[in-house]
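So the number in our numbering is just where the residue sits in the sequence shown, counting from 1, plus 11. All residues carry an ideal CB built from backbone N, CA and C; glycine is no exception. This report refers to the structure that appears directly beneath it.
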Amino acid sequence: MQTHIKCNFQFYFFSSPFLLFSQLIYQYCLKMSNIDDILLGISESLKRLQKVSEEAKAENPQPVQIQNLEINSTKKFTDNYYSKVADDYIEFTYKNPTIYHVVKFFKSELESKGFTYLPESESWADLEAGKYFTIRNGSSLAAFVVGKDWKASKGVGAIGSHIDSLTTVLKPNSTKAKVDGYELLGVAPYAGTLGSVWWDRDLGVGGRLLVKDGKGKVSQHLVDSTPHPIAHIPTLAPHFGAPANGPFNTETQAVPVIGFSGENDKEEEEPTEEEKNAPLYGKHPLKLLRYIAKLANVSVADILQWDLQLYDVQKGTKGGLNKEFVFAPRVDDRVCSFAALNALIDSTVDNNLANDSFSIVGLFDNEEIGSLTRQGARGGLIELVVDRVLSSEFYNPDGLDIQESLRLTYANSIVLSADVNHLFNPNFPGVYLEHHKPLPNVGVTLSLDPNGHMATDSIGLALAEELARKNGDKVQYFQIRNDSRSGGTIGPAISTSTGARTIDLGIPQLSMHSIRATLGSKDIGLGIKFFYGFFKNWRDTYDNFVDL
Numbered sequence: 012m013q014t015h016i017k018c019n020f021q022f023y024f025f026s027s028p029f030l031l032f033s034q035l036i037y038q039y040c041l042k043m044s045n046i047d048d049i050l051l052g053i054s055e056s057l058k059r060l061q062k063v064s065e066e067a068k069a070e071n072p073q074p075v076q077i078q079n080l081e082i083n084s085t086k087k088f089t090d091n092y093y094s095k096v097a098d099d100y101i102e103f104t105y106k107n108p109t110i111y112h113v114v115k116f117f118k119s120e121l122e123s124k125g126f127t128y129l130p131e132s133e134s135w136a137d138l139e140a141g142k143y144f145t146i147r148n149g150s151s152l153a154a155f156v157v158g159k160d161w162k163a164s165k166g167v168g169a170i171g172s173h174i175d176s177l178t179t180v181l182k183p184n185s186t187k188a189k190v191d192g193y194e195l196l197g198v199a200p201y202a203g204t205l206g207s208v209w210w211d212r213d214l215g216v217g218g219r220l221l222v223k224d225g226k227g228k229v230s231q232h233l234v235d236s237t238p239h240p241i242a243h244i245p246t247l248a249p250h251f252g253a254p255a256n257g258p259f260n261t262e263t264q265a266v267p268v269i270g271f272s273g274e275n276d277k278e279e280e281e282p283t284e285e286e287k288n289a290p291l292y293g294k295h296p297l298k299l300l301r302y303i304a305k306l307a308n309v310s311v312a313d314i315l316q317w318d319l320q321l322y323d324v325q326k327g328t329k330g331g332l333n334k335e336f337v338f339a340p341r342v343d344d345r346v347c348s349f350a351a352l353n354a355l356i357d358s359t360v361d362n363n364l365a366n367d368s369f370s371i372v373g374l375f376d377n378e379e380i381g382s383l384t385r386q387g388a389r390g391g392l393i394e395l396v397v398d399r400v401l402s403s404e405f406y407n408p409d410g411l412d413i414q415e416s417l418r419l420t421y422a423n424s425i426v427l428s429a430d431v432n433h434l435f436n437p438n439f440p441g442v443y444l445e446h447h448k449p450l451p452n453v454g455v456t457l458s459l460d461p462n463g464h465m466a467t468d469s470i471g472l473a474l475a476e477e478l479a480r481k482n483g484d485k486v487q488y489f490q491i492r493n494d495s496r497s498g499g500t501i502g503p504a505i506s507t508s509t510g511a512r513t514i515d516l517g518i519p520q521l522s523m524h525s526i527r528a529t530l531g532s533k534d535i536g537l538g539i540k541f542f543y544g545f546f547k548n549w550r551d552t553y554d555n556f557v558d559l
């Protein structure tokens, strides 16, 4: 059956072969009035198009497009990539509310990508080239990739960040007397919390339990109450006048409320004999002990000790009219840790690391309180990794003293101290130094301070700028005004303990040290992109800085 159609086609192709093809089709459609004739015409047109294309290639040969790593890695950093990374980060920080959850999550991610766990308490003598990680205290982690041709003179490319964030921890004895039926919880601020930003928030409880089984073996169990908030710190309504204005006593007026039982409410069940003999009985509210034990699927008597904290259960989200922001809890500094570790993992997946390279990501606890703990940056975890790699039979087959190799390694190393810094707040423009106002969705920010609170020097600054140019990144700058005080990072601590050149930089945020903060929605992915480029290019770039 022949079907007659009206040929009234319009074509919008702008490259010359497609334009020729469209013109040929259009001409045939004008001449023909049935399907068979049109299909025959299209076939002839395609043959003519192929001939024209081959002739054009012969006259103007095109360069061969090599699908190398640099091209592939650049292509993946698209708007869709940045959007997905922001979504992944929101899920990550929601599902991992405490530092112990974060380390457990990172452990799982590393193992899924072929990294081998090395317990610090066992020998690493038989370590060879490969991908590894170690964990200390369940709250700090070092992941590293060392190539088969690496030697001390090649140095180490390292990124250090911290996983701890401002929080509120349960006291060793959190029991407090009821006040007219209100059940209260004894907590202490970690790094200056319990201020007004923590009041009137939905607070969950989570952290680590030390659980003893029937054979006497002690193991770690992680718990969290998400999405259930168990605590609230109520503000005083402004109607009460001066007492509602503060200042407030964080010991007596910032006490979380965890329940209420009136005179007519059912009395709490009496403790069992087993509960009375439990290690934590009498140190914490029995109702809380039972609640936590149920979360962990253990008995109250099984819990030897715990490290619990309160946290905001509200999930992060994208915000702004065009979703250009991320609003989330615990940004400082889960975000730089997330970006650094993802950059290292991506580098291994993409075979981005040279065979003579040694790349490390160190993620630490207790930065917010000075890092002076074994799991903090001053506990020497990065130094331990370098020391034990150099001591292994593969990298030291003759069993020589490694002290000179250590000195040589650090003298040829670069460390990025990755910690969040400050986005420009449009409501307070006067507190920022002119030309040092980081903006969202632009790129990582270099942190500078002439008084040594940041480790960045002019050589480190130039190196970071060179790396950004190579990787197609933009960098921004932050330095405080002369009439402001500077915060600190792990940068100076690592720099002084190793002698390695250290550069302070990070992903900028609004509302630092609040219970919730604001990021540019692209900034998480831009952080990964910069760190990815660092691992790829730092050695070749730094080699151009001769004896500086």
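Counting other Cβ atoms within 10 Å of its Cβ, Pro461 stays below 16 and is therefore classed as exposed. Rounded to whole angstroms, Glu120 and Phe144 show a C-alpha spacing of 11 Å.
Residues of the same chain with a CB within less than 7 Å of the CB of Lys481, apart from the 5 flanking positions on each side, are Gly544, Asn548, Thr552 in chain order.
In this chain, the alpha helix (DSSP H) harbouring Asn91 covers 90 to 106. Non-local beta-carbon contacts of Thr186 in its own chain, meaning distances under 8 Å to residues more than five positions away in sequence, involve Gly197, Gly293, Lys294, His295, Pro296 in chain order. Short of 8 Å from the beta carbon of Ile303, and not among the five residues preceding or following it, lie these beta carbons of its own chain, in chain order: Val216, Leu220, Val234, Ile314, Trp317, Leu319.
Look at Lys294 here: in three-state DSSP terms it is coil, with no helix or strand label. When rounded, the separation of the alpha-carbon atoms in Ala528 and Asp430 is 14 Å.
Sequence-distant partners of Ala248 (beyond 5 residues in either direction) whose C-beta falls short of 7 Å from its own C-beta, in its chain, are Ala255. Under the DSSP assignment, Val180 falls in the beta strand (DSSP E) whose first and last residues are 178 to 186.
Counted as a single uninterrupted DSSP element, the alpha helix (DSSP H) harbouring Tyr111 occupies residues 110 to 123. Straight-line spacing of the CA atoms in Asp361 and Ala140 works out to 17 Å. In this structure, the straight-line span from the alpha carbon of Phe375 to that of Glu285 is close to 38 Å. Cβ atoms of Ile539 and Ala339 stay farther apart than 8 Å, at about 16 Å.
In the DSSP assignment, Ile505 falls within the unbroken alpha helix (DSSP H) covering 502 to 509. Separation of Leu559 and Val346 (C-alpha to C-alpha, rounded to the nearest whole angstrom) is 32 Å. Short of 7 Å from the beta carbon of Gly502, and not among the five residues preceding or following it, lie these beta carbons of its own chain, in chain order: Ser428, Met465, Ala466, Thr513, Asp515. Per the C-alpha coordinates, the member of Val114, Gly192, Val180 positioned closest to Leu214 is Val180.
The DSSP-derived three-state label of Ile425 is strand.
Ranking Val557, Thr456, Ile393, Gly531 by CA distance to the CA of Ile101 puts Gly531 first. Residue range 141 to 147 is occupied by the beta strand (DSSP E) that includes Tyr143.
DSSP lists Thr179 as the beta-bridge partner residues of Pro200.
Non-local C-beta neighbours of Gly387 in its own chain, meaning closer than 7 Å and more than five positions away in sequence, comprise Phe375, Asp376, Asn377, Glu378, ordered along the chain. Per the DSSP secondary-structure output, Arg219 pairs in a beta bridge with Leu233, Asp318. The beta carbon of Pro238 is closer than 6 Å to those of Val324 in its chain, skipping five residues each way along the sequence. The residue among Ile110, Arg301, Leu152 with its C-alpha nearest the C-alpha of Ala289 is Arg301. Under the three-state reduction of DSSP, Ala528 is assigned to strand. Its Cα nearest to that of Ile491, the residue Gly463 stands out among Gly463, Gly192, Gly510, Leu474. In this chain, Tyr443 is not harboured by any alpha helix (DSSP H), its DSSP state being neither H nor E.
The bridge partners DSSP lists for Pro519 are Asn432.
Counting other Cβ atoms within 10 Å of its Cβ, Phe271 stays below 16 and is therefore classed as exposed. Remark: C-beta atoms of Glu122 and Arg147 do not approach each other more closely than 8 Å. In this structure, Ala202 places its C-beta atom within 8 Å of the C-beta atom of Leu177.
Per DSSP, the continuous alpha helix (DSSP H) segment holding Gly536 begins and ends at 534 to 553. Taking 8 Å as the upper bound for CB-CB distance, Val557 and Ile371 are not in contact here, some 25 Å apart. In the structure shown, the three-state DSSP call for Ala479 is helix.
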